[in-house]
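Numbering (full-length UniProt numbering), first residue to last: 1 to 288.
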């Protein structure tokens, strides 16, 4: 697998540094260049009334100096740990999410932290959610401590993005010599009057057959990848969260059945971006 450009959403948070490290490791293996992007949206106004709490706004010169210093340190660290990778840095005076989404058309991969600096500690960053939902290339949200020897885990459903999920998962597993686990989980059915295989906790034969046929096509393209498939009746978010504990990478799509196409991440994807314990890739059916 060869990537041309990896774009990293960078700020001075520990999560951004973890994202940078993941991106540099990936670039070293694939021959990609890395660009750190620091986007800062200047406040348009600040409350004047003393009774209204407002954040402290530093002088512009001090803010720019802090950003430049952070990027200089990031470049120096990258040169020391990954001297073989071409790394650049740039700043823009705009919102991070919109900038990354706009520049995703010229990138092969976007890497962001689970959240950056936020007024609410521990909250999943709005940048991660927005970029994962709308980028035109795969987006990696770096979370937790992945199992260095863990497999790539791909969660698919019946949406069009399943093809993008499998394309990324097989490609990554082949490039990194990792095993691949492909999971199709149907939520348990409750409250139905007539008993069905799903309500009884069993996968229908026809559903299992279409799942196996889909994966079989990708097996033929990547015969070197060791693949294990699981078709189960279990809530997808819960199962994939559990799988993330021993995975090296978790790959999912942008939306599932019932979501507003192109507008929102699916509920499973959003859950994993908050609770998975390994990096999560959100693949897009529109990815190049």
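Here a beta-carbon is modelled for each residue, glycine too, at the ideal position from N, C-alpha and C.
All values derive from a computational prediction rather than experimental measurement.
Residue environment, residue i, which counts as buried when at least 16 other CB atoms sit within 10 Å
i           : result
residue 99  : buried
residue 290 : Coverage of the chain is limited to positions 1 through 288, which leaves residue 290 absent and any answer about it impossible.
residue 254 : buried
residue 178 : buried
residue 63  : exposed
residue 140 : buried
residue 113 : buried
residue 184 : buried
residue 171 : buried
residue 76  : exposed
residue 164 : buried
residue 248 : buried
residue 206 : exposed
residue 106 : exposed
residue 79  : exposed
residue 283 : buried
Identified DSSP bridge partners for residue i
i           : result
residue 184 : 156, 231
residue 88  : 35
residue 253 : 283
Helix, strand or coil at residue i according to DSSP, with G and I counted as helix
i           : result
residue 34  : strand
residue 5   : strand
residue 284 : coil
residue 189 : coil
residue 113 : strand
residue 268 : helix
residue 165 : helix
residue 127 : helix
residue 139 : strand
residue 147 : coil
residue 277 : coil
residue 246 : coil
residue 16  : helix
residue 236 : helix
residue 133 : helix
residue 202 : coil
residue 78  : helix
residue 95  : coil
residue 220 : helix
residue 177 : coil
residue 226 : coil
residue 68  : helix
residue 27  : helix
residue 11  : coil
residue 207 : helix
residue 108 : coil
residue 61  : helix
residue 41  : coil
Member of the options whose CA lies at the smallest distance from the CA of residue i
i           : options            : result
residue 71  : 84, 92, 241        : 92
residue 85  : 137, 73, 61, 32    : 32
residue 209 : 82, 273, 229       : 229
residue 29  : 6, 238, 278        : 6
residue 10  : 24, 252, 4         : 24
residue 95  : 67, 39, 87, 3      : 39
residue 26  : 237, 90, 142, 41   : 142
residue 176 : 226, 165, 164, 129 : 226
residue 234 : 144, 268, 168      : 268
residue 19  : 212, 36, 153       : 36
residue 217 : 173, 166, 14, 16   : 166
residue 145 : 66, 207, 107, 250  : 250
residue 136 : 156, 151, 161, 150 : 161
residue 16  : 169, 272, 73, 134  : 73
residue 152 : 61, 158, 169, 138  : 169
residue 34  : 14, 66, 83, 69     : 83
residue 212 : 231, 222, 202      : 231
residue 158 : 282, 270, 214      : 214
residue 154 : 8, 188, 237, 22    : 237
residue 156 : 149, 174, 110, 180 : 180
residue 67  : 132, 12, 284       : 12
Segment contact, 8 Å Cβ cut-off, at least three pairs: the region 268-286 with the region 231-248: Cβ pair count under 8 Å is three or more, so yes.
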